[in-house]
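What follows is a short report on a single structure.
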Amino acid sequence: MRLIQTRIALATGLLLGLPAADAEDAAALAKQLSNPVAALISVPFQSNWEQNIGPDDRGSRYTLNIQPVIPISIGEDWNLISRTILPIVDQWGIFPGAGEQFGLSDTVQSLFFSPKEPTAGGLIWGAGPVFLLPTATDELFGSEKWGAGPTAVGLVQRGNWTFGMLANHIWSFTGPSDRADINSTFIQPFLSYTTPTAWTYTLQTESTYDWEGEQWNVPIAAQVAKLTKIGGQLVQFQAGPRYYAASTESGPDGWAFRFNVVLLFPK
């Protein structure tokens, strides 16, 4: 079976113009991308389109999340994984008379301290702090609050499968008193399957619970990704639908769509 998978990977590499060694490594790199604390430099550009926003469900929003992931070795046994989410937002009609807004939203910065090797049972994990930075250029895009809290991820990779969960909790600790406090939990269980030809199929949710407003936001996403090489650059393309099983009172509703381009810089 292993010989068949290797031949499939080599054949796919030839079709894509990849050297044999690159073809054999492609599936391994694609699998690393399913691991949030992999020691792999990557820069995802994640595009999200959402609709049915606002009290009359007539608003729409496009968000481009720039999400650099940078691993830093801190000794023989540990890595520090920096994961940043910087959103650029374009939205319109989110409430009657709102018009259109464009600019930056708040930045989320996570730092995971992660062992370089899995545990004896195969668990890959990382934990550390998460910070909310009020970088929004419009009051409609952000909270105007500084926030912080804990974050953690745990996953197992067996064969072609990856399954696990990432979570964080953010409390606001300073900012304008006339803006709502932040007390929010984020939970992201995920399941993915990577083929020998570097296709990855992922099912996940990105659920958020607002403890102040007592509201859930639960988009469910099904994504298909392919790792390839353009010129000398390794790139993964990912696309798929999202569906809001639950939403806040004025948040997106129904179907949404995601398209993701990830630049890889393996060491």
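Final position of the sequence shown in the numbering used here is 258; the numbers increase by one with none missing.
C-beta atoms are modelled at their ideal positions from N, C-alpha and C, and glycine is treated no differently.
For the structure I just gave you, are there three or more beta carbon pairs, one from the stretch 127 to 135 and one from the stretch 167 to 178, closer than 8 Å?
Segments in contact, yes.
Given a cut-off of 7 Å on the beta-carbon distance, is the pair P120 and L146 in contact?
No. Outside cutoff.
With a 10 Å radius around its C-beta and 16 neighbouring C-beta atoms as the bar for buried, classify D68 as buried or exposed.
With fewer than 16 other Cβ atoms within 10 Å, it is exposed.
Measure the C-alpha to C-alpha separation of L124 and N43 and round it to an integer number of angstroms.
Straight-line measurement puts the Cα of N43 at about 27 Å from the Cα of L124.
Applying the criterion that 16 or more other CB atoms from any shown protein chain within 10 Å of the CB defines a buried residue, is L114 buried or exposed?
Classification of L114: exposed, given that the 10 Å Cβ count is below 16.
Based on the DSSP output, what are the partners of Q206 in its beta bridges?
D201
Where does Q58 fall in DSSP's three states?
Coil at Q58, not helix or strand.
In whole angstroms, what separates the C-alpha of A2 from that of T188?
Bear in mind that the predicted position of A2 carries a pLDDT of just 42, short of 50, making it unreliable; the figure below should be weighed with that in mind. Cα-Cα distance, rounded: 9 Å.
Got a sec? Which residues, its chain only, sit under 8 Å from T126 by beta carbon, not counting five neighbours each side?
L77, L95, S96, D97, T98 and G133
Roughly how many angstroms lie between the CA atoms of Q214 and P232, to the nearest whole one?
Q214 and P232: Cα-Cα distance of roughly 7 Å.
If you compare alpha carbons, which of S175, M156 and L157 is closest to G204?
The residue with the shortest Cα to Cα distance from G204 is S175.
From the DSSP output, in three-state form, read off A21 for me.
helix
Excluding the five sequence neighbours on either side, which residues of its own chain have a C-beta within less than 8 Å of the C-beta of A12, listed in chain order?
Residue confidence is low: A12 scores 42 on pLDDT, short of 50, so the model does not pin down where it sits. Its coordinate-derived value is still stated next. There are no such residues.
Have a look at D172 and S33 and give me their C-alpha separation to the nearest angstrom.
33 Å
Scan the stretch 124 to 170 and note each continuous beta strand (DSSP E) run of 3 residues or more that stays entirely inside, going in chain order.
DSSP runs (the beta strand (DSSP E)) wholly in the stretch 124 to 170: 137 to 149 and 152 to 165.
Mapping DSSP to helix, strand and coil, what is D172?
coil
Terminal residues of the continuous beta strand (DSSP E) containing D81?
W69 to W83
Cα separation between Y200 and N208?
When rounded, the distance between both Cα atoms is 6 Å.
Looking at the secondary structure, which residues open and close the beta strand (DSSP E) in which L95 lies?
Counting along the chain, the unbroken beta strand (DSSP E) around L95 starts and ends at E91 to L95.
How far does the beta strand (DSSP E) with N251 in it reach, from first residue to last?
Secondary structure note for N251: its beta strand (DSSP E) is the uninterrupted segment G245 to F256.
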